[in-house]
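See below for the structure under consideration.
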Amino acid sequence: MNYTEDQIRNNPEVRKKILVQAITQWGGKPQEDMAIEESSEFIKALMKLRRSNSLTAKKCLLELADEIADLEIMLEQMKILHEMHEPVENIKVFKLKRLLDRLNS
Ligand SMILES: [Mg+2]
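Written out as structure tokens, the structure reads:
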């Protein structure tokens with residue numbers, strides 16, 4: 104199947120189909136490995152940004168954006184693979200509420 108950038112940007116179902124295809128085509132375990140790898144790349148990019156200076160900061164920010172995108176794609180696949188959308192959403196709401204309570208206390 105092929106989709107336009109516009110479809111990918113605006114249609115959550117299209118995004119889900121692409122992620123499901125990745126899991127189906129390459130397998131759950133390899134995608135878990137990729138999620139682990141992308142997690143470490145995100146950590147590395149954040150460390151590089153923290154060590155950057157005025158000359159390197161812009162490049163480091165672009166690299167961080169790239170790694171955030173990679174990681175979000177893999178996290179979305181992990182939620183699909185382990186059927187976790189609902190529990191993750193519920194936990195996020197609970198934790199955001201707790202955070203808000205702490206911020207307001
Ligand atoms: Mg990456």
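Read left to right, the sequence shown gives residues 104 to 208 (our numbering). Cβ atoms here follow ideal geometry from the backbone N, Cα and C, with glycine treated the same way. A quick note: this is a predicted structure, and the numbers were derived from the prediction, not measured.
If I measure Cβ to Cβ from residue i and keep anything under 6 angstroms in the same chain, skipping five residues before and after, which residues do I get?
| i | result |
| --- | --- |
| A138 | M177, M181 |
For residue i versus residue j, is the C-beta spacing smaller than 9 angstroms?
| i | j | result |
| --- | --- | --- |
| V117 | I126 | no |
| K119 | M104 | no |
| L184 | Q134 | yes |
| E170 | A148 | yes |
| F145 | L167 | yes |
Grab the span of the alpha helix (DSSP H) containing residue i for me, first residue to last.
| i | result |
| --- | --- |
| E189 | 188-207 |
| M137 | 131-153 |
Might you give, ordered along the chain, the residues of its own chain that have their beta carbon closer than 7 angstroms to the beta carbon of residue i, omitting 5 neighbours on each side?
| i | result |
| --- | --- |
| S142 | L174 |
By DSSP, does residue i sit in helix, in strand, or in coil?
| i | result |
| --- | --- |
| T159 | coil |
| N114 | coil |
| M104 | coil |
- Message: If you measure from each CB to the nearest heavy atom of ligand 1 and keep those under 6 angstroms, what residues do you get, in chain order?
- Response: E141, E144, E170, D173
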